[in-house]
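Structure first, then comments.
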Amino acid sequence: MPFGSINAPSTFQMTMNEVFRSLLDKCIIVYLDDILMYSKTREQHLKDLEAFFTLCDQHRLITKGSKCEFLKEELEFLGHIISTEGVHVDPKKIEAVRTWKTPENVKELQQFLGFANYYNRFVPQYAKLAAPLTNLLKKNTPYKWERHQEAVEQLKQALTSAPVLILPDPERDYVIEADASDQAVGAVLMQDQGNGLQPIAYLSKKLRAELNYPIHDKEALPSSSPSKRGDVISKDEEQPSTPTTAA
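Here it is, written out as structure tokens:
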């Protein structure tokens with residue numbers, strides 16, 4: 066398929082998923098041509114790498130050595146830093162949001178919210194913080210910049226001080242704490258891995274049809290949502306370990 070075709074990215078992703086199907090979510094994550102491999106031990110990692118390169122040979126895929134990193138305990142992947150401590154926002158992205166200029170029109174606001182939303186799992190009550198800005202994107206809403214700058218600054222502060230999210234351990238219990246307001250619900254998925262409860266991911270949702278729910282029903286809304294997002298890992302799955310190879 067030629068570059069530039071509207072269907073090229075999705076077709077390429079489907080192809081990569083098919084090629085590496087036997088390894089997906091066991092020791093490999095694939096996003097287009099960005100590939101991340103992780104293993105519990107060095108010995109297992111070498112076996113996983115052998116399986117990866119075997120599949121590459123079978124399907125005539127070529128990796129470029131200068132674009133690969135092997136046996137790393139910390140690396141950057143899709144705007145995140147992943148290490149033995151967990152996952153946090155790439156410092157380069159933090160600097161980008163810190164210096165982001167005030168959106169002057171709908172297009173610039175969409176760009177800012179697109180960036181912020183990519184990291185929403187790091188931000189407690191993201192939907193509530195972003196609500197004044199997302200309201201400006203409603204159809205037939207005039208672009209009048211009033212209290213919206215406060216929302217921008219709050220989001221910037223939340224993103225630049227985002228916590229490190231731990232990697233979940235499927236052998237331990239999960240804890241979900243939820244809260245609700247008049248316009249949004251929020252939750253945090255946590256786990257105690259020996260150092261007290263630590264966040265795995267934050268989740269929030271702006272209320273629409275649920276606005277008329279009683280408060281206890283609103284607070285129950287997030288309890289099933291983390292599993293839909295893939296943040297909860299079932300106990301019969303492999304524990305995601307520190308990724309050590311990127312291509």
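Position in the sequence shown (from 1) plus 65 gives the number in our numbering.
Note that CB positions come from ideal geometry on N, CA and C, so glycine has one too.
Small disclaimer: the values here were computed from a predicted structure and weren't measured.
Query	Result
Excluding the five sequence neighbours on either side, which residues of its own chain have a C-beta within less than 8 Å of the C-beta of residue 396, listed in chain order?	Only positions 66 to 312 of the chain appear in the structure, and residue 396 is not among them; the question remains open.
Need the endpoints of the alpha helix (DSSP H) that residue 208 sits in, please.	That residue, residue 208, is in no alpha helix (DSSP H); it is neither H nor E in DSSP.
Nearest-angstrom Cα distance between residue 236 and residue 262?	15 Å
Would you check if the distance between the CB atom of residue 264 and the CB atom of residue 230 is smaller than 8 Å?	yes
Counting Cβ pairs closer than 8 Å, one from the segment 155-165 and one from the segment 133-140, do we hit at least three?	no
If you run the structure through DSSP and keep just helix, strand and coil, what is residue 75?	helix
Please state the DSSP three-state secondary structure of residue 145.	strand
Would you call the CB atoms of residue 88 and residue 118 closer than 8 Å?	no
Select from 255, 234, 232 and 233 the residue whose C-alpha is nearest the C-alpha of residue 242.	255
Which of the three DSSP states, helix, strand or coil, is assigned to residue 153?	strand
For a quick check, are the C-beta atoms of residue 143 and residue 96 less than 8 Å apart?	yes
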